[in-house]
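Chains as they are written, first to last, in this note's numbering: chain Y, 482 to 575; chain P, -9 to 186. Here is the structure we will look at.
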Amino acid sequence: MANNTTHTTEYRVLGRVLLILMFLTFLTISVTSYHLAAFSVTVALLIAGTKGFLVLTYFMHLKYESVLLRTLVAMIFVLYAVIILITFIDYAYR
Amino acid sequence: MHRDDEASKLGMWLFIFTELLLFGGLFLVYSVFRAQYPLNFHQGSLELSVTIGAINTIALLFSSMTIAMALTAVQKNNRKLALALIGVTLLMASVFLFNKYIEWGVKFEHRLYPGSPLMPLLDRGHLLYFSLYFFMTGLHALHIIVGMVLLIICFFKVKSGSIHSQKYVHLENGALYWHLVDLIWIFLFPLMYLIT
């Protein structure tokens, strides 16, 4: 059976992840009332990135997936970061 | 019959990658124009309701947890609980869509919608903000609808017993799609509603 490597995530683990996600949502909203100027985008993206990481790791079970799959997912985000970087370098030197 | 769950899941992930890059392209356009028109983007975001956005964020996060729990329930052979959890997920999805309907409705009343006579009269940055807002949240809402259809199919498959504790890759892939929708919203919410 191809099923023998699967992992069951316990309800309480999922519940705890939700609590952290809710807290981070509250945090990202309350941070906007402080005027952090240039840092506000960075803070918003850091919080969103953390939330995304939690969803990918626990809800999408990447923690228990093969190295191949985890590497592929990581590469997609690296690829996207490179695309963003190249685009902004392009715009900065026009 | 030969079955390869690992391959099914890998296929789903490859599809998710194309989805991530589709929305990634839109986020790229967004970030370039936001860098060019920071003030217009800030003013545009003030016209959105943070409360509705926050409720929708909570609804999607909660639904993401319930669908993950539904998979756990199927793996533990608890069919009734799995059905209830998929039901809650669908309910949260409906809450999300209802709020989107209210939000868009208010914008339409203010004659703000793609192709409206008012839109070309806006500042360039303002116009870009609202065009991106409608396109990105619209495409996301379309994904919500597709996700709901997939989960309804999973619901009936669990009910009929064709998804069970030894064979659940369909539910797993349906759930992955639903988490993707949640993942995109995690970035859409701060970038559309919370611009300072």
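Beta carbons are placed, not taken as given, at the ideal position from N, Cα and C, and that holds for glycine. Note that the structure is a prediction, hence the values are computed from the model and not measured.
For the segment 49 to 107 of chain P, the full-length alpha helix (DSSP H) segments reaching 4 residues or more read 69 to 99 along the chain. Put simply, of F23(P), L12(P), D(-6)(P) the residue whose alpha carbon is nearest the alpha carbon of D113(P) is F23(P). Chain Y has no Cβ within less than 7 Å of the Cβ of S84(P). At least one CB atom of chain Y sits nearer than 7 Å to the CB of F177(P). The residues H488, in chain order, have a CB closer than 7 Å to that of Y545(Y) in the same chain once the five nearest residues on each side in sequence are set aside. The segment 37 to 50 of chain P makes contact with the segment 78 to 94 of chain P, as at least three CB pairs between them are under 8 Å.
Contact of I48(P) with chain Y by beta-carbon distance below 7 Å involves M503, T506. F31(P) sits buried, since 16 or more C-beta atoms from the chains shown fall within 10 Å of its C-beta. Listed by position along chain Y, the residues whose Cβ is nearer than 9 Å to that of F125(P) form an empty set, because the closest Cβ is around 18 Å away. Contact check for R551(Y) against L543(Y) passes: the beta carbons are separated by less than 7 Å.
Cβ neighbours of L508(Y) within its own chain (closer than 8 Å, five residues either side excluded): I528.
Closer than 9 Å at the C-beta level to chain Y, one finds these residues of the segment 14 to 33 of chain P: G14, G15, F17, L18, S21, V22, R24, A25, Q26. At least one C-beta of chain P is nearer than 7 Å to the C-beta of A525(Y). Secondary structure note for E(-4)(P): its alpha helix (DSSP H) is the uninterrupted segment -5 to 26. With a cut-off of 8 Å on Cβ pairs, the segment 168 to 176 of chain P is in contact with the segment 131 to 140 of chain P, counting three or more such pairs. R(-7)(P) and Y119(P) have their C-alpha atoms roughly 47 Å apart. Note that the C-beta distance between A60(P) and L75(P) is below 7 Å. Check the Cα spacing between S84(P) and each of F52(P), A63(P), P110(P), I185(P): the tightest is with F52(P). Here DSSP, grouped into helix, strand and coil, assigns H154(P) to strand.
When the Cα atoms are used, G15(P) and T8(P) turn out to be separated by approximately 11 Å.
Separation of S121(P) and L549(Y) (C-alpha to C-alpha, rounded to the nearest whole angstrom) is 38 Å.
Between A58(P) and L495(Y) a beta carbon distance of about 5 Å is seen, short of the 8 Å cut, so the two are scored as contacting. Membership of D571(Y) in the alpha helix (DSSP H) is indicated by the continuous run 548 to 573.
In terms of Cα proximity to T127(P), the closest of N163(P), T79(P), Y20(P), L29(P) is Y20(P). Distance from the CA of S514(Y) to the CA of T523(Y), rounded to the nearest whole angstrom, comes to 15 Å.
The beta carbon of G43(P) sits closer than 6 Å to those of F179, Y183, all from its chain and outside the five residues before and after it, given in chain order. By alpha-carbon distance to K147(P), the top candidate from T79(P), V64(P), L18(P), L181(P) is V64(P). Here the C-alpha atom of L500(Y) lies approximately 25 Å from the C-alpha atom of I185(P). The Cβ-Cβ distance between T62(P) and T490(Y) falls below 7 Å.
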